[in-house]
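Undergrad: Position 27 (the sequence shown) corresponds to 14 in our numbering; numbering is contiguous.
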Amino acid sequence: MGRTLAMAGYAVFMVDHQGHGLSDGERMFAHHIDHLAEDSLEFVQHVLRLPGSLTTLKHPVDDDLDAHADVDWKTLPRFVLGHSIGGVLALRLMELSRKQGIEWNGVVLSSAAIYCFKPAKYKLGERALSLFGRVFPSFAMPVLDFYDVSHEREVLRRKLRDPIGMNASSIELHWALGLFLCASP
């Protein structure tokens, strides 16, 4: 997605969350969703300190995209795009950005990992999950079965061959996501 947008002339900056993709950290583990959101905010602040034109960068990520390096991207409208857990983080980033005086023109969410439940209905399960998460914070929970996500063979093949794809995530990460946006009366 980022490469496609960049080839169309957009200035695109991407970040891997800690423990995701090629980033450092225990795979698919986060003590709290805010740790990931704060990392994202720190990345945004770093990008905003870069010069408006990127022709000074010595090693572009992709030589094909170097043609757009002279664009004064600081004058362009600013959007944040988040997919899956990145969708949740994009919303939290909006909150944190506002507190820091960083403005965005919009946010795009793609299959954001947001779900709601009625807290009163699941009080016992909520307490048990919270306790389990504190005792075994990096306990790995399986993620969705890829076959439930897509029936297109090529999509499945790419996902299953992805060496940095996620195969499990910590119970703390699930817990953090579940508590982030729960709004059922």
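Even glycine gets a Cβ: it sits at the ideal position worked out from N, Cα and C.
None of the values given here were measured: they were computed from a predicted structure.
Ignore the nearest five residues each way along the sequence and tell me which others in residue 24's own chain have a CB closer than 7 Å to its CB.
TA: Counted from its first residue, the sequence shown places residue 24 at position 37. Within the same chain, residue 24 has close Cβ partners 76, 79, 80, 83.
Undergrad: What does the alpha-carbon distance come out to for the pair residue 62 and residue 114?
TA: In the sequence shown, the residue the question calls residue 62 occupies position 75. In the sequence shown, the residue the question calls residue 114 occupies position 127. Cα to Cα, residue 62 sits roughly 48 Å from residue 114.
Undergrad: Who are residue 97's beta bridge partners in DSSP?
TA: Indexing the sequence shown from 1 puts residue 97 at position 110. DSSP, once it has assigned bridges, lists 70 as partnering residue 97.
Undergrad: Where does the unbroken alpha helix (DSSP H) through residue -5 begin, and where does it stop?
TA: For the purposes of this step, residue -5 is taken as the residue at position 8 of the sequence shown. Where residue -5 is concerned, there is no enclosing alpha helix (DSSP H), given that its DSSP letter is neither H nor E.
Undergrad: May I ask which residues mark the beginning and end of the alpha helix (DSSP H) holding residue 30?
TA: The count along the sequence shown starts at 1 and reaches residue 30 at position 43. Here the alpha helix (DSSP H) through residue 30 covers 20 to 36.
Undergrad: Using the C-alpha atoms, what's the distance from residue 118 back to residue -6?
TA: In the sequence shown, counting from the first residue as 1, residue -6 sits at position 7. In the sequence shown, counting from the first residue as 1, residue 118 sits at position 131. Spanning the two alpha carbons is a distance of roughly 47 Å.
Undergrad: Leaving out five residues before and five after residue 46 in sequence, what residues of the same chain have Cβ atoms less than 6 Å from its Cβ?
TA: Looking up residue 46 in the sequence shown gives position 59. With a pLDDT of 49 at residue 46, under the threshold of 50, the modelled position of that residue is not reliable, and no figure is offered here.
Undergrad: By DSSP, does residue 80 sit in helix, in strand, or in coil?
TA: To locate residue 80, count along the sequence shown from 1; it is residue 93. Looking at residue 80 - three-state DSSP - the assignment turns out to be helix.
Undergrad: Thinking just about the alpha-carbon of each residue, which of 88, 37, -1, 29 is nearest to the one in residue 66?
TA: Start at 1 with the first residue of the sequence shown, and residue 66 comes out as number 79. Among 88, 37, -1, 29, the Cα nearest to that of residue 66 is on -1.
Undergrad: By the three-class DSSP mapping on this structure, what secondary structure does residue 144 have?
TA: As a working note, residue 144 is residue 157 in the sequence shown. Helix.
Undergrad: Using the Cβ count rule (16 or more neighbours within 10 Å means buried), how would you classify residue 28?
TA: Within the sequence shown, numbered from 1, the residue matching residue 28 stands at position 41. Residue 28 comes out buried.
Undergrad: State the Cα-Cα distance for the pair residue 26 and residue 4, rounded to the nearest angstrom.
TA: Taking the first residue of the sequence shown as 1, we reach residue 26 at position 39. Taking the first residue of the sequence shown as 1, we reach residue 4 at position 17. Straight-line Cα distance between these residues: approximately 7 Å.
Undergrad: Keeping to the same chain, check which residues put their C-beta closer than 8 Å to that of residue 215; ignore five residues upstream and five downstream.
TA: The first residue shown for the chain is -12 and the last is 172, placing residue 215 beyond what the model contains.
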